[in-house]
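Visitor: To convert, note that position 89 of the sequence shown is 294 in my numbering; the numbers rise steadily by one, no gaps.
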Amino acid sequence: MSQTLFPDQGWCHRVERFAKSFLWKGNLKDRFWHPVSRKKVCKSKNCGELGLRRLEDMNKAFLAKLGWFLAVEEDCLWVRALKAKYFPSSSFLNYRKSKGYSGF
C-alpha cells in the first residue's frame with residue numbers, strides 16, 4: 206500500500222467488500238444473514254476475534270507513521286531527500302496542497 210491518502214473512500218469499501226465475500230463465502234449480489242458482524246471480526250485477537258483491520262484506518266495509521274518519521278528522523282537519507290524535494294523552504298507540517306493536487 207502506498208503512503209498517500211486514498212482519493213476516495215469508495216476504493217477502500219470495494220476492497221473490503223471483496224474481503225467480506227471471501228470471509229463469508231457468499232455472492233456479493235445476494236443478501237443473506239451473517240452469523241458474525243463485521244465489527245466483531247475486526248476486533249483484536251486479544252479479545253478472541255480474528256483481528257482484521259479496516260483499510261481506511263490502516264491507511265491513516267501509515268500516513269501518521271510517515272509523518273512521525275519526517276518530524277523525528279531528520280538525519281536519515283530518505284527523510285532529507287523528501288524534505289529537499291517537497292519541503293525545501295518550510296516544514297512538512299506547514300505544507301499546503303496545490304489546487305490541482307489529485308492525491309497521486
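Ideal Cβ positions, reconstructed from N, Cα and C, are used throughout, including at glycine.
Keep in mind that this is a model prediction, so the values were computed, not measured.
1) Applying the criterion that 16 or more other CB atoms from any shown protein chain within 10 Å of the CB defines a buried residue, is L275 buried or exposed?
2) Would you kindly work out how many angstroms separate the C-alpha atoms of S295 and L268, rounded to a whole number?
3) Can you tell me whether N146 is buried or exposed? The criterion is at least 16 other CB atoms within 10 Å of its CB, across all chains shown.
4) Counting along the chain, where does the alpha helix (DSSP H) carrying F267 start and finish?
5) Under three-state DSSP, which class holds K225?
Guide: On the basis of the coordinates in this document:
1) Position 70 of the sequence shown, counted from the first residue, corresponds to residue 275. Label assigned to L275: buried.
2) Within the sequence shown, the letter at position 90 stands for residue 295. Within the sequence shown, the letter at position 63 stands for residue 268. Roughly 19 Å separates the two Cα atoms.
3) Given that the chain is displayed from residue 206 to residue 309, the structure contains no residue 146 and the question cannot be resolved.
4) Here residue 267 corresponds to residue number 62 of the sequence shown, with the count starting at 1. Going by DSSP, F267 is part of the alpha helix (DSSP H) stretching over 260-277.
5) In the sequence shown, counting from the first residue as 1, residue 225 sits at position 20. Helix at K225.
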